[in-house]
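Data block below; observations after.
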Amino acid sequence: GWQLAHRMGRLGTESAFEVLARAQALAEQGRTIVNLGIGQPDFETPGHIVEAAVKALRDGHHGYTPANGLPALREAVAEDLYRRHDARVDPAQVVVVPGGKPTMFFAAMMFGQSGAEILYPNPGFPIYESVIRFSGATPVPIALREETGFAFDAEAVLARITARTRLLILNSPANPTGGVVPKAELDRLVAGLADHPHVVVLSDEIYSRMLYDGAHVSLLRYPELADRVILLDGWSKTYAMTGWRLGYGVWPRALAEHATRLCINTHSCVNAAAQYAGLAALTGPQDAVSEMMAQFTRRRSAIVAGLNALPGVHCTTPGGAFYAFPNIAGTGLESRAAQDLFLEKAGVATVAGTSFGAFGEGYLRFSYANSLEAIEEALSRIRAVL
Ligand code: PLP
Numbered sequence: 003g004w005q006l007a008h009r010m011g012r013l014g015t016e017s018a019f020e021v022l023a024r025a026q027a028l029a030e031q032g033r034t035i036v037n038l039g040i041g042q043p044d045f046e047t048p049g050h051i052v053e054a055a056v057k058a059l060r061d062g063h064h065g066y067t068p069a070n071g072l073p074a075l076r077e078a079v080a081e082d083l084y085r086r087h088d089a090r091v092d093p094a095q096v097v098v099v100p101g102g103k104p105t106m107f108f109a110a111m112m113f114g115q116s117g118a119e120i121l122y123p124n125p126g127f128p129i130y131e132s133v134i135r136f137s138g139a140t141p142v143p144i145a146l147r148e149e150t151g152f153a154f155d156a157e158a159v160l161a162r163i164t165a166r167t168r169l170l171i172l173n174s175p176a177n178p179t180g181g182v183v184p185k186a187e188l189d190r191l192v193a194g195l196a197d198h199p200h201v202v203v204l205s206d207e208i209y210s211r212m213l214y215d216g217a218h219v220s221l222l223r224y225p226e227l228a229d230r231v232i233l234l235d236g237w238s239k240t241y242a243m244t245g246w247r248l249g250y251g252v253w254p255r256a257l258a259e260h261a262t263r264l265c266i267n268t269h270s271c272v273n274a275a276a277q278y279a280g281l282a283a284l285t286g287p288q289d290a291v292s293e294m295m296a297q298f299t300r301r302r303s304a305i306v307a308g309l310n311a312l313p314g315v316h317c318t319t320p321g322g323a324f325y326a327f328p329n330i331a332g333t334g335l336e337s338r339a340a341q342d343l344f345l346e347k348a349g350v351a352t353v354a355g356t357s358f359g360a361f362g363e364g365y366l367r368f369s370y371a372n373s374l375e376a377i378e379e380a381l382s383r384i385r386a387v388l
């Protein structure tokens, strides 16, 4: 029989998809499941964006595009970054990929290998640790704590850098905690990185438009890091486009070429119609984004208040994204046990904090990308089980 390469044993997964499958199986047995598990907006993609894709198909855009994306789309991304972050980016630095994840994978492939160390947030998006291990590098967790609003402490991050560190992964606003790193902390980190010119930073800013107070501070705002910051962003969350598979990386000039070569070796290019949709999203009206945020704001208040009213549960108010990450230690339940209990007994899908790393023990992730009614229903079902 065949023999699988060793590297496959090092590839992890994203448990939110597993929970989704279990919730769907229960729903098929006739249970009504409230899904606060999966991290995707419950809205449909705004109509004008859908129309742009339909038009592109009707207009005959059926072929390959340049591997790094349509020039018009890369220009629109650069303009959007200038508007939002006051950052001057050359469209040649933009590499359009199918979603947020490929930029992560590419960065790990470029800098990870046996003997290298890669720093990543824990609890954090589970794919970070997975791709680090897959690359052969050693994952070095940066512990994020409730007391500091799940933001990192710059000194603690800098203290973990060694001569072997190749890449530092940051994520703000964050999954699964909703934590936002304050500008002062970023300033301190960037200042400290001057002493470590060998460290490249991957800044995952996929939730950059999903902030409840204040303005997002992009790592693109720091010119001193311009030759070693990789920005990850995309359309999935902002424009409710998770199924379209569209995202981008902004790479230092010398790395964009390597990223493009990885595109050519994997998917060739993103499907053309999705790219035209992405162009319409960036250049068209933004009211749908504001409307979604208005809804998320109401939902955030409802879920945080509701969670804090549960016995043994304490939830800090998340500053961004659409996740609440309550501390459930007071219930006496471990994360995984609580996830399973709430799914099986209450019919509420959530994700165990440990799915995001060992430092997530004692927590549970609730995605509040669901209606207010669904959120209230989930809370009352959980209260009954507790
Ligand atoms: N980065 C973070 C922090 C995420 O939470 C997600 C999706 O959940 C992604 C990246 C990946 O997004 P995409 O679905 O566009 O690949």
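Mapping of the sequence shown onto UniProt numbering: residues 3 to 388, in sequence order.
From the three backbone atoms N, C-alpha and C, an ideal C-beta is built for every residue, glycine too.
Buried or exposed (CB count within 10 angstroms, at least 16 for buried), residue i
i      : result
Asn273 : buried
Ser205 : buried
Gln277 : buried
Phe19  : exposed
Trp4   : exposed
Ala54  : buried
Met112 : buried
Thr352 : buried
His260 : exposed
Lys239 : buried
Pro128 : buried
Val91  : buried
Met212 : buried
Thr164 : exposed
Thr299 : exposed
Arg9   : exposed
Pro104 : buried
Nearest-angstrom beta carbon gap, residue j and residue i [assumed within contact, 8 angstroms]
i      : j      : result
Ala348 : Arg383 : 4 angstroms
Tyr241 : Thr47  : 6 angstroms
Arg302 : Pro178 : That pair is no contact at about 15 angstroms.
Gly181 : Gly362 : So it is not a contact: roughly 12 angstroms between Cβ atoms.
Tyr209 : Pro175 : 4 angstroms
Ala304 : Glu379 : 11 angstroms between Cβ atoms; not a contact.
Ser369 : Gly41  : 5 angstroms
Thr333 : Gly314 : 4 angstroms
Leu388 : Leu281 : Between Leu281 and Leu388 the Cβ distance is about 48 angstroms, and since that is not below 8 angstroms, they are no contact.
Asp44  : Ala371 : 5 angstroms
Pro125 : Phe324 : With a Cβ gap of about 16 angstroms, Pro125 and Phe324 do not count as contacting.
Gly236 : Leu248 : 6 angstroms
Arg166 : Ala118 : 6 angstroms
Gly114 : Arg168 : 7 angstroms
Ala279 : Trp246 : 6 angstroms
Spatial neighbours of residue i in its chain, beta-carbon cut-off 7 angstroms, leaving aside the 5 residues before and after
i      : result
Tyr224 : Val192
Val306 : Cys317, Thr319, Ala326
Pro141 : Ile120, Tyr122, Glu131, Ile134, Arg135
His269 : Pro100
Gly39  : Ala18, Val21, Leu22, Ala25, Ala351, Thr352, Val353, Ser369
Asn310 : His316, Cys317
Phe344 : Val350, Thr352, Ile384, Val387
Asp229 : Pro254
Gly14  : Pro128, Glu131, Ser132, Arg135
Ala376 : Val36
Beta bridge counterpart(s) of residue i as assigned by DSSP
i      : result
Gly322 : Leu213
Ile171 : Leu204
Ser369 : Tyr325
Leu233 : Ser205, Val252
Leu121 : Val142, Leu170
Val98  : Tyr250
Val353 : Arg367
His316 : Asn329
Val36  : Val350
Cβ shell of residue i (< 8 angstroms), same chain only, five flanking positions each side left out
i         : result
residue 1 : Since the first residue shown for the chain is 3 and the last is 388, residue 1 is missing from the structure and cannot be characterised.
Leu59     : Ala275
Ser220    : Leu83, Arg86, His87, Ala89, Ser205, Glu207, Ser210, Leu233
Asp215    : Gly321
Ala158    : Ile144, Ala145
Own chain residues within Cβ distance below 6 angstroms of residue i, not counting five before or after
i      : result
Ser116 : Gly138
Leu28  : Ile35
Val183 : Ala153, Ser174
Leu170 : Leu121, Val201, Val203
Leu160 : Gly194
Gln341 : Thr352, Ala354
Gly151 : Gly181
Ala256 : none
His63  : Ala274
Leu172 : Ser205
At least three beta-carbon pairs within less than 8 angstroms, the segment 67-82 to the segment 199-213: no
When you compare the segment 38-53 with the segment 257-269, are there three or more beta-carbon pairs, one atom per stretch, that lie closer than 8 angstroms? no
Counting Cβ pairs, one atom from each stretch, are 3 or more of them under 8 angstroms apart for the segment 93-108 and the segment 285-302? no
Count the CB pairs spanning the segment 293-312 and the segment 144-153 that are closer than 8 angstroms, and state whether there are at least three. no
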